[in-house]
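Heads up, the sequence shown is in full-length UniProt numbering, so the first residue is 1 and it goes up one at a time.
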Amino acid sequence: MPDGRGRKEGPERRIYVEAMTKYRWMYRLGFTPWERYGAAGGAQLGVLLDREAAGRPNGPGRALDVGCGRGQFTPELARRGWEAVGVDIVPEAIEAARRKGPAGITYVVGDVTDLDPAGLGTFDLFLDIGCFQGLDTGQRAAEGRGVTALATPGATLLLLAFGPSRYQRLVEGVARAEVEAAFPGWELLEVEDADTAGLGWPMNRTSPKWYRFRRAAG
């Protein structure tokens with residue numbers, strides 16, 4: 001998949017550069033709340049992924065980790081038999097994910113608001129841990145369109161997002177209605193409280209939720 005840097009012009013180019021710069025600084029400063037959740041909520045994530053793998057009579061298919069960062073969660077997909085692909089806008093994060101491994105996982109530098117079906121193929125499962133909530137309304141809609149374009153009939157989406165809170169400037173949150181609005185044509189199957197034990201302040205005050213969607217089969 002092309003990373004989008006060569007074909008973007010004008011406002012799109014500016015938005016792309018701003019997003020990449022923002023997340024580069026977050027990595028450099030060590031402020032990566034999506035990674036902190038992984039240390040605290042790994043057991044719950046494992047249960048959710050086990051359920052997805054077990055619920056497919058033909059076995060796991062292809063899975064995309066949207067905004068995969070340094071590949072903290074992508075290997076969990078591969079361990080459960082998925083053909084795992086991770087995509088992220090920050091080249092340094094993708095390089096770190098590739099170094100960490102394991103072998104057999106594909107990591108791609110790409111813009112989650114401009115996913116390219118021709119470059120990535122289609123997927124049966126999407127995982128988004130903390131990426132969606134960091135986007136503005138237009139970018140969230142763009143991610144939704146891209147995910148939909150890459151989704152096989154009956155595909156599922158697992159999305160973790162922190163909720164709106166008084167700490168919005170520190171941890172960006174998103175309301176349920178905003179999540180649903182970004183994925184028309186998907187059925188919201190479940191909303192589950194995310195485990196906040198061990199998260200620490202302020203993330204343990206943001207009511208994080210797991211959203212599980214299914215793409216319409218028709």
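Yeah, the Cβ is synthetic: ideal placement off N, Cα and C, and Gly gets one too.
Check	Outcome
Span of the beta strand (DSSP E), counted from its first residue to its last, around R80	Looking at the DSSP string, R80 is not in any beta strand (DSSP E), and its letter there is neither H nor E.
The segment 46-65 touching the segment 77-90, judged by at least three CB pairs closer than 8 angstroms	yes
A194 in three-state terms, based on DSSP	coil
Residues near S207 in its chain [Cβ-Cβ closer than 6 angstroms; skip 5 each side]	G163
Three CB pairs or more closer than 8 angstroms across the segment 151-160 and the segment 179-196	yes
Member of P57, P102, A151 whose CA lies at the smallest distance from the CA of V66	A151
C-alpha distance - L115 paired with L125, whole-angstrom precision	15 angstroms
C-alpha gap between D136 and G173, whole angstroms	11 angstroms
Integer-rounded CB distance, given that A96 should sit under 8 angstroms from R70	4 angstroms
Assigned secondary structure, E187 (DSSP; H/G/I helix, E/B strand, else coil)	strand
Neighbourhood of F123 by C-beta distance below 8 angstroms, restricted to the same chain and skipping five residues each side	G61, R62, A63, L64, V85, L150, A151, T152, A155
Bounding residues of the alpha helix (DSSP H) (the contiguous stretch that carries G138)	137-150
Cutoff 8 angstroms; reference T32; Cβ partners in own chain excluding five residues on either side	M26, G69
Euclidean distance between Cα positions of R99 and Y107	10 angstroms
Member of R215, D195, A217 whose CA lies at the smallest distance from the CA of G46	D195
For T156, the residue or residues it bridges with in DSSP	L125, R214
Rounded C-alpha distance that separates M1 from G121	Note on M1: pLDDT 41, under 50, position unreliable in the model; no value is reported.
Under 8 angstroms between C-beta atoms of L48 and W186	no
Of the residues R24, R140, T148, R145, the one placed nearest A175, counting alpha carbons only	R140
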